[in-house]
Structure formats: structure tokens, C-alpha cells
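Chains as they are written, first to last, in my numbering: chain H, 11 to 274; chain B, 1146 to 1331.
Ideal Cβ placement from N, Cα and C applies to all residues, glycine included.
Note that this is a predicted model, so its numbers are computed, not measured.
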Amino acid sequence: MTMTDDERNASQALGRARETMPADVHARVRNRVMTGVRAQARPPFFAAQSRRIAAAATAFTMLGGGVAYAADAALPGDALYPVKRAAESAVVALLPAGELENAVLVRLAERRAEEIGELVRQQEATAVDISATLLQLRNSVENAAAVSALEEQELVRIRNEAGEVPEWARDAIEQATTVAGPSGAGSDADSGTGTGTGTGTGASESPGATGSPDSSESGPDTSGSGDDSTDTGGSDAGPGAGSDAGLPGSTDGSQNTSNTGGTK
Amino acid sequence: MTDKRLARLIGRARRGDVAAFGRLYDEYADRVYAFVRFRTGSAHDAEDVTATVFLKAWESIGSYNERGVPFSAWLFRIARNAAIDEYRKSEHRPVPMEELPPAEERVDSPELRVIANADAGRLRAAVAGLTADQGAVIALRYWSDLSTKETATALGKNENTVKQLQHRAIKSLARMLEEGETNDHD
Chain H
11 MTMTDDERNA SQALGRARET MPADVHARVR NRVMTGVRAQ ARPPFFAAQS RRIAAAATAF
71 TMLGGGVAYA ADAALPGDAL YPVKRAAESA VVALLPAGEL ENAVLVRLAE RRAEEIGELV
131 RQQEATAVDI SATLLQLRNS VENAAAVSAL EEQELVRIRN EAGEVPEWAR DAIEQATTVA
191 GPSGAGSDAD SGTGTGTGTG TGASESPGAT GSPDSSESGP DTSGSGDDST DTGGSDAGPG
251 AGSDAGLPGS TDGSQNTSNT GGTK
Chain B
1146 MTDKRLARLI GRARRGDVAA FGRLYDEYAD RVYAFVRFRT GSAHDAEDVT ATVFLKAWES
1206 IGSYNERGVP FSAWLFRIAR NAAIDEYRKS EHRPVPMEEL PPAEERVDSP ELRVIANADA
1266 GRLRAAVAGL TADQGAVIAL RYWSDLSTKE TATALGKNEN TVKQLQHRAI KSLARMLEEG
1326 ETNDHD
């Protein structure tokens, strides 16, 4: 059952009745929103974390400063990722021994797991980036375990940071976060600065052996990660949008993907 | 914007990337505004509610699960709640719940032609006269470009209910427009 002319004309009339957001209102509201967003200190990333992790976050903020903040969201393969890792190394190098050091090292492992999850889900990352980050995850876990024995719940929390991932990635993360025990050799390869406890032998396993992704399933391509910073980002939805939205009884009643060329 | 790029922006925003969130604002602001406008008494109120929607979205985007509901449905659920809050504040009328009859297959062509021939201002006024649920469905489907499924998720209803609401809304709009025309001629 296709849409009749009457249905199409009525849809178009309804679409034209849409009240368009004036450009000056768009800009004014954007300014309000972004001012409010910036005023909230690091909300989503460290929100809902435990107090211990909050302490680690504070250490990053204090010691890493603005550069670390700017690079915070970078993923392996991004231009800012080396900056993020360098900031982490600087934090680790300056940490006093004790609970905070342990918290930061565990947090670093969580960050690696989180990066792996994002890389896998975005499907834009290269297999090399994913494999390398798996290796870094393993190194981070070993570094943390070398300072203080990791409890199973900490390991589970690290794994959970990856979020929902395909089975091969979950297995690889599980393998990378399985440590022999608190005496396991730590590798300095992760932080670059080390913690003074690693023996440098922990990185003997190849990235592939930690479960490199099967590209036939996840499809990480080699096109590199695009930088959204060049996106002008403007919405192209106009007053005529919604012109062919399905009317009741029309067969496309569940979708109207061609309306604006917008987000769907 | 492609789905992949959108997913990337959402991922970055979830990790606290302010610039990525700004891009999401650019992508969705017009459609959120169009939706909240029909529920708010003035353009100024719509502006306030749109800002509130995005600030609330930022506060909770860290817990948004992209595997759960589509981002647009998640965002418009926030928009709907914010619009209802604003609506109750101004208290123009109660927010009625509807008893829905079985869905009919087609709206008659004469009714569709009444809508097709109405000008934008009359249509907007007629949509404002719909029940809250019917109006929300029309606004989300035709002005915010959500699919039936996304609309259902945003409103917390099932797809069949949304189709019925849309069907009844079209008939109500035609009736209101016809009555308006009759009154004009009197």
C-alpha cells in the first residue's frame, strides 16, 4: 500500500507548519547551553565513579592540567592520544606510593579497557590500534597488580569499562586482564615512566596473542579516524522538513527517513 | 550526518567532550525547538525549554546507553518531560489521557485534502488544539522527523498506540480546520 497523493499533500502541509528555530535563537541558546556545559566540571566522564576513582581523577586534573583535559577524550589513532598518554605518564611519575598510586594505576587500566570498547564499537579504528591497546591494557593491569594485588571485583570493573563489545573483544579483554597474581611481572611499557616495580618482562605476549580482532566480524577498517573538528555541524532541517512523513495507513508508517537528510 | 559520525560524536560527548556535545546541539536543536514550541506559550518559553533540554542531556549523557534506545528517542524523551514541566507551570489546560478506539486503515481523502489545503498558521493553531498526546505525535513525526518507533520510545508508548494517536490527530485536525472555515464564512 503506497502513499496516496492526498496523504502526501497532507504530510507536506503538516511539515510546512513546523515552526523553524530562527538563526539568532539557535545561536543564543547554543551559547547558553555551552556556557552551562563548560561550567560543569568534567561531568559525564568521571560522574558516578567511586570516591577512590574520584581521587584518581583529581590527581589527573591537578597534575595533568589543561592539556590532559583537552586530550582526555582522545582514542588510539587520534592526534591527541599521545598527549593523553604523556599526561598520564606525568601523573604516574609524580605520584607518591600508597592508595592514590594504586587508584590511579587501576584507573589507567580502566581507561585502556574503555578505549578498547570505544574503538571496537566505532568500527573506524584499525586492528593495529585495537591490538596495541589490548597490550597496553595488559601492561596497565600488571603495573597495578605489581603495586597492590588486584581483587577480582577490580578486574571485573576494569573489564566492564569496555561496555558492550562483541564476544571476541570480550574474550581478548578477559585474557588481557587475567594476571598470574600480585607477584606478576610488571611492564613499564604502559606509562613510559614506570612505577619502579616492573621488571619490563610483562610485554612478552604479542598483540595478536591477546586476541586481536577478527576483522570479519567487527570490521575495523584502516581508513583512520576522521576528525569531527572540521565538521560545520549545521542542521539542514528546514521549514519544509517532514514533507513525506507517513500518514496513518500508509505502508511506510514506521519510517520517514527521507524527510530532511538529517540524522537518520 | 552519517550514523557512524553521529555515534562517534555521542561517544565523545559521553566521555566529556564539550565540542562533540556542541555538534550534537547543532544537529538536534532545530528539531527539539520545533517539538517544544507547540507546547509552550511563546517563542521565548520555547527557547528556555530548548536550553533546558540540552543542559539536562549533558548532565545525563554519561549514563546514556547507545545500545538501549536510539539517541534521538532518548533526547526527545528529555524534551517531552521538559515540555510537560513547562506546560504544567503555565497550566493552560489539563493534560488528558486518551481512550483509543481500534486503529482504522485509512483517513478519508476529503479530510486529508482539508489538511493539505490549510495554510501553515491555521495548521499550527489546530495542532495546538489537539490533545497533548496527539499533538506530541504530530510534532515528533512531522516537525522533529522521528520515525514511528522513535516517537513511541520518546513518548513511552508502543508503536501501535502511536499510529492510533496519529490517525486520530489527523481526523481531529481536519475537523477543527473545517469548523474554523465554517466559522470564517459565517
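Residue range of the alpha helix (DSSP H) that Met44 of chain H falls in?
Ala33 to Ala49
Beta carbon of Ile1315 of chain B nearer than 8 Å to that of Ala23 of chain H:
no
Just to confirm my understanding: we take Arg1157 of chain B, look at its own chain, exclude 5 residues before and 5 after, and list those with CB closer than 6 Å. What are they?
Ala1165
Three-pair Cβ contact test at 8 Å for the stretch 102-118 of chain H versus the stretch 158-173 of chain H
yes
Give the residues of chain B in contact with Gly25 of chain H, contact being defined as C-beta atoms less than 7 Å apart.
Tyr1287
Indicate the three-state DSSP secondary structure (helix, strand or coil) for Arg148 of chain H in the structure shown.
helix
Could you work out which residue in B:Ala1277, B:Thr1296 and B:Ala1270 is closest to Met1321 of chain B when comparing CA atoms only?
B:Ala1270
Taking its Cβ as the centre, do 16 or more other Cβ atoms sit within 10 Å of Thr188 of chain H, making it buried, or is it exposed?
exposed
Which residues of chain B have a Cβ atom closer than 8 Å to the Cβ of Gln146 of chain H, listed in chain order?
Ordered by position in chain B, no residue passes the 8 Å Cβ test against Gln146 of chain H, which lies about 17 Å from the chain.
Name the chain B residues that come within less than 7 Å of Val166 of chain H, Cβ to Cβ?
Near Val166 of chain H there are no residues of chain B at all, since even the closest Cβ is about 18 Å away, more than 7 Å.
Can you pull the chain H residues whose beta carbon is under 7 Å from the beta carbon of Phe1221 of chain B, in chain order?
Correct list: empty, because the minimum Cβ distance to chain H is about 12 Å.
Straight-line CA distance for Glu1204 of chain B to Ser141 of chain H?
33 Å
Quick one: is Pro54 of chain H near chain B, going by C-beta distance under 8 Å?
The pLDDT assigned to Pro54 of chain H is 48, lower than 50, so where the model puts this residue is not dependable; a value taken from the coordinates is nonetheless given after this. Yes - at least one Cβ of chain B is within 8 Å of the one on Pro54 of chain H.
Of all the options B:Thr1147, B:Thr1276 and B:Ala1299, which has the alpha carbon lying nearest to the alpha carbon of Arg1286 of chain B?
B:Ala1299
Would you say the beta carbon of Arg1176 of chain B is closer than 7 Å to some non-hydrogen atom of the ligand MG?
Among the ligands in the structure shown, none appear at all, so the ligand MG cannot be discussed.
Inter-residue Cα distance where the pair is Leu160 of chain H and Glu124 of chain H
18 Å
Bounding residues of the alpha helix (DSSP H) (the contiguous stretch that carries Val114 of chain H)
Glu109 to Gln132
What is the C-beta distance between Glu17 of chain H and Leu1257 of chain B, in whole angstroms, given that I count them as a contact (C-beta under 8 Å)?
6 Å
Select from the stretch 1171-1189 of chain B all residues with a C-beta closer than 8 Å to any C-beta belonging to chain H, and list them in chain order.
Asp1171, Glu1172, Tyr1173, Ala1174, Asp1175, Arg1176, Tyr1178, Ala1179, Arg1182, Phe1183 and Ala1188
Cβ closer than 9 Å: which chain B residues qualify as neighbours of Asn19 of chain H?
Leu1257, Arg1258, Ile1260, Ala1261 and Asn1262
For chain B, is any of its Cβ atoms less than 8 Å away from the one on Arg42 of chain H?
yes
Per DSSP, what kind of secondary structure is Asn1226 of chain B in: helix, strand or coil?
helix
So, does the CB of Gly1274 of chain B fall closer than 8 Å to a CB anywhere in chain H?
no
Would you mind telling me which residues of chain H sit closer than 8 Å to Val1163 of chain B, beta carbon to beta carbon, in chain order?
Met44, Val47 and Arg48
If you measure between the beta carbons of Leu1169 of chain B and Ser1217 of chain B, is that distance less than 8 Å?
no
With burial defined as no fewer than 16 other Cβ atoms inside 10 Å of the residue's Cβ, what is the status of Gly250 of chain H: buried or exposed?
Caution applies to Gly250 of chain H, whose pLDDT of 33 falls short of 50 and renders its modelled position unreliable; the value that the coordinates give is listed next. Result: exposed.
Let me check understanding here. Comparing Cα to Cα, which of B:Val1282, B:Asn1262 and B:Arg1160 lies closest to Lys1302 of chain B?
B:Val1282
Just mark Ala1188 of chain B as buried or exposed, buried being the case when its beta carbon has 16 or more other beta carbons within 10 Å.
exposed
Name the chain H residues that come within less than 9 Å of Arg1320 of chain B, Cβ to Cβ?
Per Cβ cutoff of 9 Å: no residues; Arg1320 of chain B is ~14 Å from chain H at best.
Beta-carbon proximity list for Val1198 of chain B, same chain, < 6 Å, skipping 5 on both sides
Val1177, Ile1223, Ala1224 and Ala1227
Nearest to Asp139 of chain H by CA position, among H:Ala27, H:Pro86, H:Ala20 and H:Pro176, is which residue?
H:Pro86
Would Pro1215 of chain B be called buried (16 or more neighbouring beta carbons within 10 Å of its own) or exposed?
buried
Euclidean distance between Cα positions of Arg26 of chain H and Asp1175 of chain B:
14 Å
Min CB distance Thr1195 of chain B to chain H below 8 Å
yes
Going by CA-CA distance only, name the one from B:Lys1294, B:Trp1288 and B:Arg1159 that's closest to Arg1184 of chain B.
B:Trp1288
How many whole angstroms separate the CB atoms of Arg1153 of chain B and Gln163 of chain H, which I take to be in contact at a CB cut-off of 8 Å?
Going by Cβ atoms, the distance from Arg1153 of chain B to Gln163 of chain H rounds to 31 Å, so no, they are not a contact pair.
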